[in-house]
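Protein chains in written order, with the working numbering: chain S, 57 to 346; chain H, 57 to 346.
Built from N, CA and C at the ideal position, the CB exists for glycine as well.
To start, the structure under review is shown below, and the notes come after it.
2 protein chains.
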Amino acid sequence: MLKAVQILGCSSGLTIVSQRLTKTRKSSSSSSSVSFLSTSTNPLKLSTFSSSSLTSTSPRKTLCFSPTRMSSSSLPGSDPVPKSPTFVSGDVRKIKFCQWCGGTTKHEIPDGEEKLRAICTHCGKIAYQNPKMVVGCLIEHEDKVLLCKRNIQPSHGLWTLPAGYLEVGESAAEGAMRETWEEAGATVEVVSPFAQLDIPLIGQTYVIFLAKLKNLDFAPGPESLECRLFALDEIPFDSLAFSSIYVTLNLYLEDLKKGKLKFHYGTINKRPGSSPSDIRAFSLDYHLQP
Amino acid sequence: MLKAVQILGCSSGLTIVSQRLTKTRKSSSSSSSVSFLSTSTNPLKLSTFSSSSLTSTSPRKTLCFSPTRMSSSSLPGSDPVPKSPTFVSGDVRKIKFCQWCGGTTKHEIPDGEEKLRAICTHCGKIAYQNPKMVVGCLIEHEDKVLLCKRNIQPSHGLWTLPAGYLEVGESAAEGAMRETWEEAGATVEVVSPFAQLDIPLIGQTYVIFLAKLKNLDFAPGPESLECRLFALDEIPFDSLAFSSIYVTLNLYLEDLKKGKLKFHYGTINKRPGSSPSDIRAFSLDYHLQP
């Protein structure tokens, strides 16, 4: 299940992140960055979704970056970022109590670290926050793909691939199949990894597998209004739920046009200030392939 | 940084997970599963690390699975698992307080869900637990790879790739470069995704990128005793820190032998009852490639 995805969070820390990303891009002439701002309905006709930038055949595009160790000494070539309480992640200040002992928390940067953390004033434990993996299936069946119309918020009534949060105790492939079962009632075979798409602004990473139906017995689960196989030229690009799904389906169609499905790694950077519902307001950065 | 990885947790829920995995394997004749139990020092000579099973050239191996929706009705072909409080994940029972309001928690399976959760008795919020991503770099330089000798527990004094937990606000590639900077003082270019290796038992997913040094200025950070470039036939396979690193380096060498680096997805299932320090006591399951 994926009950609360892609709600854009914003904190002072994200400003720093944004600066780091900008710096990275400036020094990275060889990584690809594509903006999806067109309102055209069919991605196969999108002028901004150029196949040259999205599915370059170059096998070894590189991403350059000069991270900064948070210490008094810097190595040559590094680019110091001041150690500052503004470097926070997500909603760490909302963590006011220790979930293990119930003590109140203080918000500080621990020794040897660089980010603001919630630290228990009683037992001293740190409540780390880490990105979550969203796992799902791109199900192919006779030149069609299976989509689900969401019956929950956010993006109620919009179309998505079956996907949801990975649980502790399962692999990503198992999680993707479980979500497919829960949302589409479909039993599938995972065929191969297709994409990893990070969305740093909201602390999510999408891991999408290509999959095949084991039979045609599929039906919407409680979180779906409808499940349907769409021909490739009928995919409802104007009614998709999330940027990640928009990118995944576009990469898939681009690969099909080129005659070969590949694995894609990329970062979806939402346009600052854009609405979460504006799923085309982003750039796909650092699009890398094996 | 990666201060506490691969400590094997165990709960009643893992029993269920294990059963599911066994079931999956039985029905999945086409997925690859390899056991690494040899004590040979050089993986290039390991009889159990067969290139045919690890690096099959078949582009579309499949993973079959019949997940079970936790409801009274089951679709044909599904394999019901009873809705039971034993189906817990990780250490949910250790969460005794709500981190947002400080209320005490109860441990129940919420309506519409299937796993035991910690639910606040005051505000009603659920404390979800999700797997964490460990991101790192496999750095190639003139037919050598860069390894770090750990200066922290677990696996103090053993060799690893620079890697650590992904933080909210960064992409996996950025996190891998940050960890490389923190642990090896090295500035690198990420070249391509190389592997995603899930370890369900401990709720971790390794995401490893191939990378290149931008210069030769590297030096151990506080969490490393030493950083060194190893020739491929000198990689210290008897002194590696984690199963995930063992698998990654083996897959890399196998790919090199075949003349082509590929992307690898796989699940590392630790042998039940084995010590965390026995890094060869596992099977690599569901090894899939694009």
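Establish whether the CB of residue i and some CB of chain H are separated by less than 8 Å.
| i | result |
| --- | --- |
| Cys154/S | yes |
| Gln252/S | yes |
| Gly168/S | yes |
| Tyr321/S | yes |
| Gly158/S | yes |
| Gly259/S | yes |
| Leu269/S | no |
| Pro276/S | no |
| Val224/S | yes |
| Ile151/S | yes |
| Tyr308/S | no |
| Tyr302/S | no |
| Tyr221/S | yes |
I need the straight-line Cα distance from residue i to residue j, nearest angstrom please.
| i | j | result |
| --- | --- | --- |
| Leu293/S | Pro218/S | Going by the sequence as given, residue 293/S is Phe instead of Leu. Taking the straight line from one Cα to the other gives about 16 Å. |
| Leu288/H | Tyr321/H | 22 Å |
| Gly180/S | Lys200/H | 41 Å |
| Trp236/S | Trp215/H | The residue you asked about is not Trp; residue 236/S is Thr in the sequence shown. The straight-line gap from Cα to Cα measures roughly 39 Å. |
| Cys283/S | Lys188/S | 25 Å |
| Ile175/S | Asp254/S | 27 Å |
| Leu344/H | Pro210/S | 32 Å |
| Asp167/S | Gly168/H | 42 Å |
| Ser295/S | Thr261/S | 22 Å |
| Pro332/H | Phe286/H | 25 Å |
| Glu226/H | Pro276/S | 34 Å |
| Leu203/H | Leu281/H | 11 Å |
| Gln252/S | Val224/S | 19 Å |
| Gly259/H | Gly159/S | 26 Å |
| Gly241/S | Val190/S | 18 Å |
| Gln161/H | Phe274/S | In the sequence under discussion, the amino acid at residue 161/H is Thr, which differs from the Gln named in the question. In a straight line, the C-alpha of Thr161/H is about 37 Å away from that of Phe274/S. |
| Pro278/S | Glu198/H | 55 Å |
| Tyr308/H | Leu305/S | 30 Å |
| Lys152/S | Lys150/H | 18 Å |
| Ile208/S | Ile208/H | 45 Å |
| Gly315/S | Glu290/S | 19 Å |
| Glu157/H | Cys157/S | Before going further, note that residue 157/H is Cys rather than Glu in the sequence given. Between Cys157/H and Cys157/S, the C-alpha separation is close to 13 Å. |
| Phe250/H | Phe250/S | 13 Å |
Can you find the residues in the same chain that come closer than 7 Å, C-beta to C-beta, to residue i, ignoring five residues on each side of it along the sequence?
| i | result |
| --- | --- |
| Phe338/H | Phe92, Ser299, Ile324, Asn325, Lys326 and Arg327 |
| Thr243/H | Trp237, Lys270 and Asn271 |
| Glu196/H | Leu266 and Lys268 |
| Ala297/S | Arg206, Ser211, Leu214, Trp215 and Thr216 |
| Ser330/S | Ala337 |
Would you say residue i lies against chain S (beta-carbon separation less than 8 Å)?
| i | result |
| --- | --- |
| Leu344/H | yes |
| Leu285/H | no |
| Gln209/H | no |
| Val246/H | yes |
| Thr227/H | Looking at the sequence provided, one finds Ser at residue 227/H rather than Thr. Closer than 8 Å: yes. |
| Leu217/H | no |
| Ala183/H | yes |
| Lys171/H | yes |
| Leu317/H | yes |
| Pro332/H | no |
| Pro132/H | Because the pLDDT of Pro132/H is 27, which lies under 50, any placement of that residue in the model is unreliable, and the number read from its coordinates should be weighed accordingly. Yes - at least one Cβ of chain S is within 8 Å of the one on Pro132/H. |
Return yes when at least one heavy atom of the ligand FMN lies under 7 Å from the C-beta of residue i, else no.
| i | result |
| --- | --- |
| Gln185/S | Of the ligands one can find in the structure shown there are none, so the ligand FMN has no counterpart to examine. |
If I measure Cβ to Cβ from residue i and keep anything under 8 Å in the same chain, skipping five residues before and after, which residues do I get?
| i | result |
| --- | --- |
| Gln155/H | Ala183 |
| Val246/H | Cys193, Ala229, Ala232, Met233, Phe265, Leu266 and Ala267 |
| His212/S | Arg206 |
| Ser348/H | Look at the range of chain H in this structure, 57 to 346, and you will see that residue 348/H is not part of it. |
| Leu222/S | Lys188, Met189, Val190, Val191, Ala228, Gly231 and Val263 |
Going along the chain, which residues of its own chain have a beta-carbon closer than 6 Å to the beta-carbon of residue i, five neighbours each way excluded?
| i | result |
| --- | --- |
| Asp334/S | none |
| Leu77/S | Any reading at Leu77/S is ruled out, since the residue's pLDDT is 30, under 50, leaving its predicted position unreliable. |
| Glu239/S | Cys204, Pro218, Gly277, Glu279 and Ser280 |
Thinking C-alpha only, which one of the options is nearest residue i?
| i | options | result |
| --- | --- | --- |
| Thr177/H | His197/H, Asn186/H and His163/H | His163/H |
| Pro256/S | Gln185/S, Ile291/S, Cys157/S and Lys150/S | Gln185/S |
**Request:** Within the segment 159–217 of chain H, note down every full beta strand (DSSP E) run reaching 3 residues or more, in order along the chain.
**Result:** Listed in chain order, the complete beta strand (DSSP E) runs (minimum 3 residues) inside the segment 159–217 of chain H are 161–164, 173–176, 188–197 and 200–206.
**Prompt:** Which residue spans inside the segment 223–259 of chain H form an unbroken beta strand (DSSP E) run of at least 3?
**Reply:** Fully enclosed beta strand (DSSP E) runs of 3 or longer: 244–255.
**Message:** Could you tell me which whole alpha helix (DSSP H) segments of length 4 or greater appear in the segment 248–316 of chain H?
**Reply:** DSSP runs (the alpha helix (DSSP H)) wholly in the segment 248–316 of chain H: 299–314.
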